[in-house]
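Enquirer: If you're matching them up, the sequences are chains A and B in order.
Just so we're aligned, residue 1 is where the first sequence starts under full-length UniProt numbering, counting upward by one.
Just so we're aligned, residue 1 is where the second sequence starts under full-length UniProt numbering, counting upward by one.
Every residue gets a Cβ at the ideal spot worked out from N, C-alpha and C, and that includes glycine.
Treat the numbers as computed from the prediction; the structure is a model and nothing was measured.
Input: one structure, supplied below.
Protein chains: 2
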Amino acid sequence: MKISIVKIGGNVIDDPEKLEEFLSLFSRLEGKKILVHGGGVMASKFGESLGIKPQMVDGRRITDKETLEVVTMVYAGLINKNIVAKLQAREQDAMGLTGADGNLIRSEKRPVKDIDYGFVGDVKEVNTNLIELLLAENIVPVVAAITHDQRGLLLNTNADTIASEIATSLAQKHTVNLYFCFNKAGVLIDENNDSSVVPLINEDVYDELKREKVIHSGMIPKLDNAFNALYKGVNNVWLGKAENLVLAAKGKSAGTSFEKHRYDLY
Amino acid sequence: MKISIVKIGGNVIDDPEKLEEFLSLFSRLEGKKILVHGGGVMASKFGESLGIKPQMVDGRRITDKETLEVVTMVYAGLINKNIVAKLQAREQDAMGLTGADGNLIRSEKRPVKDIDYGFVGDVKEVNTNLIELLLAENIVPVVAAITHDQRGLLLNTNADTIASEIATSLAQKHTVNLYFCFNKAGVLIDENNDSSVVPLINEDVYDELKREKVIHSGMIPKLDNAFNALYKGVNNVWLGKAENLVLAAKGKSAGTSFEKHRYDLY
């Protein structure tokens, strides 16, 4: 089957108006679909109100026991259930899941090397049977960025990675389109100018943009993740603003699409 | 099919050791099963740490907007996902759900009469198709005591009521046994003496015990709820301590069973 996987981040989730607008767009997306969300900013704010300071290394959260509890409450509870209820109101049969639910995503606690990330999981296996079962019933899985190790431990996991892992697992049997919504219009030549979007990126262009330091810091794991999905069989990978999701799904240029085949753009 | 529905409350959930013990017992329960949980004490404590004072009227929580957020985080997030992960570690294919997920339980916000309960829902419809689908796949639904109105609102709902409504809905087509675990050994003649259990209760005995004020206050809605389930077709209703669940499931006397047919016990 044809499956769309859409990932949203804090910039949509934290703004009630933007979230409503996005959920209306997402509801209009045709065919089988899956929504993946994090919720970092809200978790940080909430943790702070409990006296827990967020610790980040290279854009990744260090997850101690208290932070894991906060993340579980905010991602799997507050954010996930509100999204589900709002989609249900739009006649979308949404169902909220973490990786623990129905053993959707099994991970392993990240081994400690230079940095101890704490309760953070690296994805090992996606239960595609469960996803196929739900999609066949026209259920819309809404996946919160938490996994489990099947030994009783919940683990915090990057939402981009979860979207990408679900996409590549399903791509073995299905045609999968993967949409990353974020706070910019796509990959930008000038990061402060939304009209400087690179509409099509391949690894040659990517390497060039990295060399020129046009692409740097937090964008690098994001783009590595996107290319990884593409090379593992995902049909189409897109990066852009949530409000352009439906345009992108219709094949209209409104963000950055990822191209596998190398050719000379210069 | 034969389905066991087990409801646990704060006295099991709030005590990590008791919870582990209960989940091991629950895992040993044979056949199709559903777990329903609240988590009131933990939500109250957590709300207080955020400066929200719990308001109760007749054992029912008054749910303002902030309390609803806390309840959603604690019930659907922290408690639900920890139970799911711990059951997965026991080779139970648990899946956590609120009433919003897959439109499992539709409710309506309780109308304001004498008391404004706030964001509290009265159950209108249980999606038995979804439950049948999951049980057929040997998935164990773990239901948090939150429902939705299908218009985007999450609503706090009493966990005993949810267990009972799921049970009576499924009882139309299936053989349902309903187990209420709580902090006493059953209905007691002397509320401070766990060995004074009434092993079998019918409405004659219930009326008599109410007249004698042996049964009073919070026990009355609990027992009304149990009798209601029985009269609506649930095969067997049981009330007792979580640690006696497996004994009770094997038909051994270890708590209070509810009897529909009236006969003279005196």
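Within this structure, are the beta carbons of Val176 of chain B and Asn235 of chain B separated by less than 8 Å?
Expert: As a first step, residue 176 of chain B must be located in the second sequence, where it is residue number 176. As a first step, residue 235 of chain B must be located in the second sequence, where it is residue number 235. In contact: Val176 of chain B and Asn235 of chain B (Cβ atoms closer than 8 Å).
Enquirer: Alpha carbon to alpha carbon, how far is Leu29 of chain B from Ala249 of chain B? Give it in angstroms, no decimals.
Expert: Counted from its first residue, the second sequence places residue 249 of chain B at position 249. Counted from its first residue, the second sequence places residue 29 of chain B at position 29. Computed Cα separation, rounded: 8 Å.
Enquirer: Does the separation of the CB atoms of residue 303 of chain B and Leu245 of chain B fall below 8 Å?
Expert: Absent from the structure is residue 303 of chain B, since the part of chain B shown begins at 1 and ends at 266.
Enquirer: For Ala89 of chain B versus Gly152 of chain A, is the C-beta distance shorter than 8 Å?
Expert: Walking along the second sequence from the start, residue 89 of chain B turns up at place 89. Walking along the first sequence from the start, residue 152 of chain A turns up at place 152. Against a cut-off of 8 Å, the Cβ pair of Gly152 of chain A and Ala89 of chain B comes out as a contact.
Enquirer: Residues of chain B with CB under 7 Å from Val84 of chain A, in chain order?
Expert: Start at 1 with the first residue of the first sequence, and residue 84 of chain A comes out as number 84. Residues of chain B passing the Cβ test: Ala100, Asp101.
Enquirer: Between the alpha carbons of Ala185 of chain B and Val143 of chain A, how many angstroms are there, rounded?
Expert: Position 185 of the second sequence, counted from the first residue, corresponds to residue 185 of chain B. Position 143 of the first sequence, counted from the first residue, corresponds to residue 143 of chain A. Answer to the nearest angstrom: the Cα atoms are 40 Å apart.
Enquirer: Closer than 8 Å, Cβ to Cβ, to anything on chain A: give me those residues from the segment 95-125 of chain B, in chain order.
Expert: Hits within the stretch, in order: Met95, Gly96, Leu97, Thr98, Ala100, Asp101, Gly102, Asn103.
Enquirer: Kindly list, in the order they appear in chain A, the residues whose Cβ is closer than 7 Å to that of Ala89 of chain B.
Expert: Residue numbering aside, residue 89 of chain B sits at position 89 when the second sequence is read from its first letter. The answer, in chain order, is Gln150, Arg151, Gly152.
Enquirer: Name, please, each residue of chain B whose Cβ falls closer than 9 Å to the Cβ of Ile166 of chain A.
Expert: Translated into the one-based positions of the first sequence, residue 166 of chain A becomes position 166. Those do not exist, as Ile166 of chain A stays about 16 Å from chain B at its closest Cβ, beyond 9 Å.
Enquirer: With respect to the alpha helix (DSSP H) encompassing Glu108 of chain B, which residues constitute its N-terminal and C-terminal limits?
Expert: What you label residue 108 of chain B is simply residue 108 of the second sequence in a count that begins at 1. Run containing Glu108 of chain B: none in the alpha helix (DSSP H); it sits in the beta strand (DSSP E), 105-109.
Enquirer: Let me check understanding here. Comparing Cα to Cα, which of A:Gly121, A:Ile105, A:Leu104, A:Arg106 lies closest to Val112 of chain A?
Expert: Counting from 1 along the first sequence, the entry for residue 112 of chain A is found at position 112. For Val112 of chain A, the nearest C-alpha among the options comes from A:Gly121.
Enquirer: Let me see if you follow: with CB-CB separation under 8 Å, is Ser44 of chain A close to chain B or not?
Expert: For the purposes of this step, residue 44 of chain A is taken as residue 44 along the first sequence, with counting starting at 1. No - not a single Cβ of chain B is within 8 Å of the one on Ser44 of chain A.
Enquirer: According to DSSP, is Pro141 of chain A part of a helix, a strand, or is it coil?
Expert: As a working mapping, residue 141 of chain A is identified with position 141 in the first sequence. DSSP places Pro141 of chain A in strand when its eight states are reduced to three.
Enquirer: Is the beta carbon of Lys32 of chain B less than 8 Å from the beta carbon of Ile8 of chain B?
Expert: Within the second sequence, the letter at position 32 stands for residue 32 of chain B. Within the second sequence, the letter at position 8 stands for residue 8 of chain B. Contact flag unset, no.
Enquirer: Which residues, in chain order, does the segment 45-76 of chain A contribute to contact with chain B at a C-beta distance below 8 Å?
Expert: Taking 8 Å as the Cβ-Cβ cut-off against chain B, the residues of the segment 45-76 of chain A that qualify are Ser49, Leu50, Glu69, Thr72, Met73, Val74, Tyr75, Ala76.
Enquirer: Roughly how many angstroms separate the alpha carbons of Ala85 of chain B and Leu19 of chain B, rounded to a whole number?
Expert: As a working mapping, residue 85 of chain B is identified with position 85 in the second sequence. As a working mapping, residue 19 of chain B is identified with position 19 in the second sequence. Taking the straight line from one Cα to the other gives about 13 Å.
Enquirer: In angstroms with no decimal places, state the Cα-to-Cα distance between Glu243 of chain B and Leu23 of chain B.
Expert: Counting from one through the second sequence, the residue named residue 243 of chain B turns up at place 243. Counting from one through the second sequence, the residue named residue 23 of chain B turns up at place 23. Roughly 10 Å separates the two Cα atoms.
Enquirer: Could you pull out every residue in the same chain whose Cβ sits closer than 8 Å to the Cβ of Thr157 of chain A, ignoring the five residues on either side in sequence?
Expert: Taking the first residue of the first sequence as position 1, residue 157 of chain A is located at position 157. These residues qualify, in order along the chain: Gly99, Ile105, Ser107, Val120, Gly121, Asp122, Val123, Ala145, Ile146, Thr147.
Enquirer: Could you have a look at Asn127 of chain A and say whether DSSP puts it in helix, strand or coil?
Expert: Taking the first sequence and counting its residues from 1, one reaches residue 127 of chain A at position 127. Here Asn127 of chain A sits in coil by DSSP.
Enquirer: In the DSSP assignment, the alpha helix (DSSP H) including Met42 of chain B goes from what residue to what residue?
Expert: As a position in the second sequence, residue 42 of chain B is number 42, starting the count at 1. 40-49 is the span of the alpha helix (DSSP H), which, as asked, contains Met42 of chain B.
Enquirer: List the residues of chain B whose Cβ lies closer than 8 Å to the Cβ of Asp93 of chain A, in chain order.
Expert: Your numbering for residue 93 of chain A matches position 93 in the first sequence. By Cβ distance, chain B contributes Gly102, Asn103.
Enquirer: Near Asn138 of chain B, what residues of its chain come up, given a Cβ to Cβ distance below 7 Å and the 5 sequence neighbours on each side ignored?
Expert: The residue labelled residue 138 of chain B in the question sits at position 138 within the second sequence. Contacts found: Asp93.
Enquirer: Helix, strand or coil for Ile52 of chain B? Go by DSSP, reduced to three states.
Expert: The residue labelled residue 52 of chain B in the question sits at position 52 within the second sequence. Ile52 of chain B falls in the coil class under three-state DSSP.
Enquirer: Taking the alpha-carbon positions, what's the Val126 of chain A to Gly218 of chain B distance?
Expert: Here the question's residue 126 of chain A lines up with position 126 in the first sequence. Here the question's residue 218 of chain B lines up with position 218 in the second sequence. The alpha-carbon atoms of Val126 of chain A and Gly218 of chain B are separated by roughly 45 Å.
Enquirer: Output the residue ranges of the alpha helix (DSSP H) runs that lie fully inside the segment 139-200 of chain A and measure 4 residues or longer, sorted by chain position.
Expert: For the segment 139-200 of chain A, whole alpha helix (DSSP H) runs of length 4 or above, ordered along the chain, are 159-171.
Enquirer: Using the beta-carbon of each residue, which ones in chain A are nearer than 7 Å to Ile139 of chain B?
Expert: Taking the second sequence and counting its residues from 1, the one referred to as residue 139 of chain B is at position 139. Those within 7 Å of Ile139 of chain B in chain A are Gly102.
Enquirer: Select from B:Leu209, B:Ser195, B:Tyr206, B:Leu154 the residue whose C-alpha is nearest the C-alpha of Gly255 of chain B.
Expert: Locating residue 255 of chain B in the second sequence gives position 255, where the first residue counts as 1. Of the listed residues, the one whose Cα sits closest to Gly255 of chain B is B:Ser195.
Enquirer: Using three-state DSSP, classify Ala85 of chain B as helix, strand or coil.
Expert: Counted from its first residue, the second sequence places residue 85 of chain B at position 85. Helix.
Enquirer: Here's a check: name, in chain order, each residue in its chain whose Cβ is nearer than 6 Å to the Cβ of Ser164 of chain A, leaving out the five neighbours to either side.
Expert: What you label residue 164 of chain A is simply residue 164 of the first sequence in a count that begins at 1. Excluding sequence neighbours, Ser164 of chain A sits near Asn225, Ala229.
Enquirer: At 8 Å on the CB atoms, spell out the chain B contacts of Leu170 of chain A, in chain order.
Expert: Locating residue 170 of chain A in the first sequence gives position 170, counting from the first residue. The premise fails here: Leu170 of chain A is roughly 18 Å from chain B at the closest Cβ pair, so nothing lies under 8 Å.
Enquirer: Run the CB neighbour count on Asn129 of chain A, radius 10 Å, all protein chains shown included, and call it buried at 16 or more, exposed below.
Expert: Taking the first sequence and counting its residues from 1, the one referred to as residue 129 of chain A is at position 129. So Asn129 of chain A ends up on the exposed side.
Enquirer: Quick one: what does DSSP say Asp264 of chain A is sitting in, helix, strand or coil?
Expert: As a position in the first sequence, residue 264 of chain A is number 264, starting the count at 1. The predicted position of Asp264 of chain A is uncertain, since its pLDDT is 44 and thus under 50; a value taken from the coordinates is nonetheless stated next. Asp264 of chain A falls in the coil class under three-state DSSP.
Enquirer: Can you tell me whether Leu50 of chain B is buried or exposed, with buried defined as 16 or more other CB within 10 angstroms of its CB?
Expert: As a working mapping, residue 50 of chain B is identified with position 50 in the second sequence. Exposed, because fewer than 16 other Cβ atoms sit within 10 Å of the Cβ of Leu50 of chain B.
Enquirer: So who's on the other strand from Asp93 of chain A, going by DSSP bridges?
Expert: Translated into positions along the first sequence, residue 93 of chain A becomes position 93. Paired residue(s): A:Ile139.
Enquirer: What does the alpha-carbon distance come out to for the pair Val239 of chain B and His37 of chain A?
Expert: Within the second sequence, the letter at position 239 stands for residue 239 of chain B. Within the first sequence, the letter at position 37 stands for residue 37 of chain A. A quick correction: the sequence has Leu, not Val, at residue 239 of chain B. If I take the Cα positions, the gap works out to 40 Å.
Enquirer: In the DSSP assignment, find the unbroken alpha helix (DSSP H) run with Ser24 of chain A in it and report its ends.
Expert: Locating residue 24 of chain A in the first sequence gives position 24, where the first residue counts as 1. Residues 16-28.
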